[in-house]
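The structure appears below as structure tokens.
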Amino acid sequence: MFETLEDVRRDLSGRLDQAAKARSLPMHVPTVVTSDVDARTMVLREFDSEAWTLRFHTDARAPKVAVIEADPRMAVLFYDKGAKVQIRVRGHGRILRDDSVTEQAWATSDNFARRCYLGKEPGAVSDTPTSGLPFEFEGIEPTDDQLIPARENFAVLLIEITAVEWFYLAHSGHMRAQFERRADDCQNDWQGRWVSP
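If you want it as structure tokens, here you go:
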């Protein structure tokens, strides 16, 4: 099934590509870890197989944004129990606010998704359980005009993958492979190796 490192690399790329496109897949919501060893589940919005980047959306006011900007080292953990495949990613995160990637991400989001950025600053303390949204938008889809203030709170988290590990669980024997991006300018120049599980 996986005879060569190139087979594994194709599998990795295909799984990440599909995970970004299909909400029903377990890898659609990986665990994202910042350099302060804080972890959270996030929705994978895009995998670019040419640049080997992962795209997520975030509130620009979220505490993790300052952490990433101070130290961009990040990790992402994907797991598909049914397929028995785990993918561990290491890379560098960048917060994008006012560029073509962010504009395109905002433009292709629906108004219910954009509504999240109308809320209070993530982590704001409340005396009662709260979504953080203004009362008038609880369960309501805002209009484009009502969402204008939300845009300034919207940002993209783009993670450039520098290393990736693929782990396959099998009764006949587990398999594990690691890939690292070479330090030169060629984005698709990866060095792979098989390692003991």
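Residues 1319 to 1515 in the numbering used here are what the sequence shown lists, from first letter to last. Quick reminder that beta carbons are idealized off the backbone N, C-alpha and C, glycines included.
Query, Result
"Met1392 - DSSP class collapsed to helix/strand/coil", "strand"
"Inter-residue Cα distance where the pair is Pro1460 and Asp1377", "18 Å"
"C-alpha gap between Gly1457 and Ile1466, whole angstroms", "18 Å"
"Distance between beta carbons of Trp1508 and Ala1495, contact taken as under 8 Å", "With 8 Å as the limit, Ala1495 and Trp1508 do not qualify as a contact, their Cβ atoms being about 11 Å apart."
"Beta-carbon proximity list for Arg1379, same chain, < 8 Å, skipping 5 on both sides", "Glu1439, Pro1440 and Asn1471"
"Endpoints, alpha helix (DSSP H) assigned at Asp1325", "Leu1323 to Lys1339"
"Distance between Thr1420 and Asp1389 (C-alpha atoms, nearest Å)", "21 Å"
"Residue from Leu1487, Arg1333, Trp1424 and Ile1477 whose Cα sits closest to the Cα of Arg1408", "Ile1477"
"Top-ranked residue by Cα proximity to Asn1429, from Asp1445, Arg1415 and Phe1455", "Phe1455"
"Environment of Arg1433 [buried if 16+ CB atoms lie within 10 Å]", "buried"
"Beta-carbon spacing of His1346, Val1326 below 9 Å", "no"
"Buried versus exposed, by CB contacts within 10 Å (16 or more), Ser1364", "A small fix is needed here, since residue 1364 is Glu in this sequence, not Ser. That one is buried."
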